[in-house]
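Student:
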Amino acid sequence: MQRKDLLCPTSGNKSRANHIAAFGHQRAKQRDRISFRYPNLHSSIMADAIESKIKNYRTAPFDSRFPNTNQTRNCFQNYLDFHRCNKALSEKDQDTSPCDWYQRVYKSICPSVWVNNWDEGIEGGSFAGRV
Numbered sequence: 001m002q003r004k005d006l007l008c009p010t011s012g013n014k015s016r017a018n019h020i021a022a023f024g025h026q027r028a029k030q031r032d033r034i035s036f037r038y039p040n041l042h043s044s045i046m047a048d049a050i051e052s053k054i055k056n057y058r059t060a061p062f063d064s065r066f067p068n069t070n071q072t073r074n075c076f077q078n079y080l081d082f083h084r085c086n087k088a089l090s091e092k093d094q095d096t097s098p099c100d101w102y103q104r105v106y107k108s109i110c111p112s113v114w115v116n117n118w119d120e121g122i123e124g125g126s127f128a129g130r131v
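Residue numbers for the sequence shown follow full-length UniProt numbering, beginning at 1 and rising by one.
#1: Using the Cβ count rule (16 or more neighbours within 10 Å means buried), how would you classify N70?
#2: How would you write the range of the alpha helix (DSSP H) that N74 sits in, first residue to last?
#3: Hey, would you say V115 sits closer than 9 Å to A60, going by beta carbons?
#4: I need the straight-line Cα distance from F76 to D63, nearest angstrom please.
#5: Report all residues from its chain with a CB closer than 8 Å to the CB of A128; omit the five preceding and five following residues, and keep chain order.
#6: Out of G125, G124, N86, I109, state which residue places its alpha-carbon closest to the alpha-carbon of F66.
The structure is reproduced here in structure tokens:
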């Protein structure tokens with residue numbers, strides 16, 4: 001006599017193990033069909049794709065200093081950070097490529113009109129921030 005908890009809920013006379021084995025076989029067939037249709041679903045290929053996305057990404061990531069929807073302060077802060085970084089590394093005659101991160105972030109968040117006005121303010125000496 002079989003225990004009731006081992007009975008399959010869909011058909012009371014087959015054991016749950018037989019039921020799972022039958023569905024497991026169907027799932028294996030399904031996996032084979034998927035891997036045949038999509039042969040590029042390998043971890044190494046996906047890792048390469050993720051690395052290239054990170055390398056070529058254009059939008060700003062989440063910054064925990066600015067959790068709210070309004071990203072005005074985030075925009076302005078990254079603009080300042082870019083110019084401060086550029087100024088500090090240029091004075092030391094070092095490569096300024098690490099500053100490109102801030103530039104990509106503020107260019108993806110800030111409206112171009114604001115950036116143009118801030119650039120004109122820096123050139124004219126009337127910029128409100130400390131660079």
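A virtual CB, placed ideally from N, CA and C, is assigned to each residue, including glycine.
In this text, all values refer to a predicted model and were calculated from it rather than measured experimentally.
Tutor: The answer reads as follows:
#1: That one is exposed.
#2: That run of the alpha helix (DSSP H) goes 72 to 91.
#3: For V115 and A60, no; Cβs fall outside 9 Å.
#4: Whole-angstrom Cα-Cα distance: 13 Å.
#5: Same-chain partners within the cutoff: G121.
#6: Measuring from the Cα of F66, the nearest candidate turns out to be I109.
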